[in-house]
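The structure under discussion appears below in the form of structure tokens.
Protein chains in written order, with the working numbering: chain A, 3 to 238; chain B, 3 to 238.
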């Protein structure tokens, strides 16, 4: 049992709550039973820490748990997890242009898995995939999709002959329920405030929009992503 | 200009950050220019406070603003707003069974307006409509829908001859893209963890589900609500 917050391993792992150290170590922390189970299924667990005796876990004191945890209420169990290996892109792709909110990113990942996206390419300015809030709101689905950071413009320029590139806009373009879906596709979703940047919009093959009540200017980006991916999954 | 945090009005309005006082006064606070504008459009503004000179607003010091604001970064402007009058129900209805997360409730409200819901009836245990996070994530759309708290079971029992009641479930029932939509309808969405409670499920006329990848157990409730309301709006 580890009781001291000055234990070298604990001090090292506690730093994983900062992006810089996560990127360096290629490790991150997941908190709570459900996420630990998902990480185990994917064979990505480095070590499990638990407040109570638990098979395969190292017991720790509440002080140690709260040093490792980023939550105000500490979990009973958490795990240090290896970042999944990046894979070659082999299916439909979601391109994220500067998504800011970690909760939005997490629910986008969850819906992307639900509707059969193989790879998410997020711009460098998109919030971190391994942010605690992102992990939590993905409900562990981040283990089931190929997560890449990259230059979206470059991705499009390199893949526009292989992929049909769909851009989204609040108005203009084709009603999402009327559009013809060509696979493989890449769908571009934009920043919460600014939408998809103009230089990226221009590179798309087609524009889609979701028809809605005129009182409502726009949908939350995670809602819009879910609806469009749902429509695309239905009709391909 | 009000500079003192001990000003009686300021002390009174600052209490509106607690639900108890909001319910008593039938007032709540909206922060930031966009929400203040939406409240003005609906003629619901009681008073506007601003850090800078602004037509129709009372100027306040940063100390006063931070006493009124619930945000870590204070806004330039905020308003004390009257709760909209409850109206008679006259269109399609969304029934919320114990939604817990204020962000989810806000985005549900936003999507409900986007897809033509007239009234939301939320169970008494659902998070407050006038919670700051709910207001923010509704993007001001809470001013465009009739918001009621009530007993969902009672609503269904009183309205099941007039309304087609749709229940949602992760599995089972009819694929949402195949279901026939009868209006007026009432759609029931359930708690983030527990779903719709069994006694309410039993009262529904029809069950709908969203088909998805088997890796994904369920969608976020706000995503599921958005997709179903989108489908319903398309085909009625």
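Don't be surprised by glycine CBs; every beta carbon is placed ideally from N, CA and C.
- Shown here for residue 110 (chain A): same chain residues with a beta carbon closer than 6 Å to its own, the five before and five after excluded, namely 224, 227 in chain order.
- Around residue 141 (chain A), the same chain offers 112 as residues with beta carbons nearer than 6 Å, after the five sequence neighbours per side are excluded.
- Taking the beta carbon of residue 138 (chain A) as reference, no residue of chain B falls within 7 Å; the closest one sits roughly 11 Å away.
- Look at residue 135 (chain A): its C-beta is not under 8 Å from any C-beta on chain B.
- Taking 8 Å as the cut-off, the Cβ atoms of residue 174 (chain A) and residue 99 (chain A) do not count as close.
- Within its own chain, the residues whose Cβ lies closer than 8 Å to the Cβ of residue 3 (chain A), once the five positions on either side in sequence are excluded, are 60, 61, 62, 63, listed in chain order.
- With respect to the 8 Å criterion, residue 221 (chain B) and residue 116 (chain A) are classified as neighbours on the basis of their beta carbons.
- DSSP links residue 32 (chain B) through a beta bridge to B:81.
- Taking the C-beta atoms as reference points, residue 71 (chain B) is found no nearer than 8 Å to residue 236 (chain A).
- By DSSP's assignment, residue 52 (chain B) forms a beta bridge with B:61, B:79.
- A residue is called buried once 16 or more other Cβ atoms fall within 10 Å of its Cβ, and residue 28 (chain B), having fewer, is exposed.
- Straight through space, the alpha carbons of residue 208 (chain A) and residue 164 (chain A) are spaced by roughly 14 Å.
- Sorting B:127, B:75, B:101, B:149 by C-alpha distance to the C-alpha of residue 93 (chain B) places B:149 at the top.
- Contact between the region 73-83 of chain B and the region 43-56 of chain B is present: 3 or more CB-CB pairs across the two stretches fall below 8 Å.
- Closest by C-alpha distance to residue 69 (chain A), out of A:145, A:14, A:218, is A:14.
- In this structure, DSSP gives residue 13 (chain B) a helical state, which the three-state scheme calls helix.
- Of the other Cβ atoms in all chains shown, fewer than 16 fall within 10 Å of the Cβ of residue 126 (chain A); this residue is therefore exposed.
- Scanning its chain for C-beta atoms nearer than 6 Å, with the 5 sequence neighbours on each side dropped, one finds around residue 188 (chain B) the residues 95, 97, 165, 167, in chain order.
- In terms of beta-carbon proximity, residue 50 (chain A) stays away from the interface with chain B, with every pair separated by 8 Å or more.
- Per DSSP, the unbroken alpha helix (DSSP H) holding residue 115 (chain A) starts and ends at 104-116.
- Within the region 176-227 of chain B, the complete beta strand (DSSP E) segments at least 3 residues long are 187-192, 208-211, listed from N- to C-terminus.
- The residue from B:84, B:8, B:31 with its alpha-carbon nearest to that of residue 65 (chain B) is B:8.
- Per DSSP, the unbroken beta strand (DSSP E) holding residue 151 (chain A) starts and ends at 148-151.
- Looking from the CA of residue 229 (chain B), the closest CA among B:133, B:177, B:138, B:20 belongs to B:177.
- Rounded to the nearest whole angstrom, the C-alpha separation of residue 194 (chain A) and residue 105 (chain A) is 12 Å.
- The beta carbon of residue 145 (chain B) is closer than 8 Å to those of 40, 41, 43, 44, 46, 86 in its chain, skipping five residues each way along the sequence.
- Using a CB distance cut-off of 8 Å, residue 170 (chain A) does not count as an interface residue toward chain B.
- About 6 Å separates the CB atoms of residue 31 (chain B) and residue 82 (chain B); that is less than 8 Å, so the two are in contact.
- For residue 117 (chain A), the neighbours in chain B by C-beta distance under 8 Å run, in chain order, 214, 215.
- Beta bridge pairing from DSSP links residue 124 (chain B) with B:98, B:151.
- For residue 134 (chain A), the number of other beta carbons within 10 angstroms of its own is at least 16, and it is reported as buried.
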